[in-house]
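Q: One structure follows; several queries about it will come next.
Residue numbers (my numbering): 5 to 289.
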């Protein structure tokens, strides 16, 4: 079995964890692959170094070492090759990780095939406008539109398949996948959604309204968000999985769809989603 290791060396203990993983892979008769640019960081490590785009197609599984952001980054790298992703948490939260850094002893059982694969839906975000070329992005967690300036409200009109849904006056709006329902959307009061479901959740951020509930859409719906100028500048920012990617002006539109692109995630039989909720979010009955 060939494993592509994608570590985030900015995380404390990530380098040590990477070395341990490479040694375990060697002892199990597996081949470890690492990005070419990391070769100076791992002298003497039993691994093959090369361009990430090539290694992604050569591997059987991608192993991301870091926090949730690192796992999302690795997952998006897999899109052209559709390889299963296993996350090892060396960050603080690590909700997307199936293993903690203290559980590396479980790698041999995973390498022997003791795991399942869950298909996680992505959102597709398209930014269009009369005076700009169309831009397209994919999100594993969420797409967020918000005002770049603090203490200013954004006015946003929302429609679904061409029909008006709602007009928000709020700090912004979060469009999230089921995977992203436990991220920013949760902090904004959104619903927790089982990640194996396919849906699009829309949650306003601090709306100036008594209606502050999330709205769930079927994944084949076409949701359009458009900035509306009301006594202030109408420019708003678009962030995809926490990274600012575009700016919407008054006549521009953000179109959200889902359900046609998926990322495979490694799932362990004893790491149930609801058990992880209990551990990470400290649910109390």
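Positions of the beta carbon are idealized from the N, C-alpha and C atoms, including for glycine. Please read all numbers here as calculations on a predicted model, not as lab measurements.
Leaving out the 5 sequence neighbours to the left and right, which residues in its chain are closer than 7 Å to residue 2 when beta-carbon positions are compared?
A: Nothing can be reported for residue 2, as the shown portion of the chain is limited to 5 through 289.
Q: In angstroms, rounded to a whole number, what distance separates the CA positions of residue 204 and residue 85?
A: 24 Å
Q: Quick check on DSSP: helix, strand or coil for residue 49?
A: Coil.
Q: Are the CB atoms of residue 103 and residue 83 nearer to each other than 9 Å?
A: no
Q: Out of 25, 254, 182, 35, state which residue places its alpha-carbon closest to the alpha-carbon of residue 123.
A: 182
Q: Could you tell me the alpha carbon to alpha carbon distance between residue 145 and residue 187, rounded to whole angstroms?
A: 7 Å
Q: On the DSSP letters alone, give me the boundaries of the alpha helix (DSSP H) that residue 72 sits inside.
A: For residue 72, the uninterrupted alpha helix (DSSP H) segment begins and ends at 72-81.
Q: For residue 17, write down the residues that DSSP places opposite it in a beta bridge.
A: Residue 17 is not bridged to any residue.
Q: Can you give me the Cβ contacts of residue 5 inside the same chain, cut-off strictly under 6 Å, excluding the 5 residues immediately before and after it?
A: 34, 64, 115
Q: Roughly how many whole angstroms lie between the Cα atoms of residue 248 and residue 241?
A: 7 Å
Q: Starting from residue 119 and walking both ways along the alpha helix (DSSP H), at which residues does that stretch end?
A: Counting along the chain, residue 119 falls outside any alpha helix (DSSP H), and DSSP gives it neither H nor E.
Q: Which of helix, strand or coil does DSSP assign to residue 208?
A: strand
Q: List in chain order: all unbroken beta strand (DSSP E) runs of 3+ residues lying wholly within the stretch 233-271.
A: The stretch 233-271 contains these whole beta strand (DSSP E) runs: 240-244, 247-252, 257-271.
Q: Taking Cβ positions, are residue 153 and residue 178 nearer each other than 9 Å?
A: no
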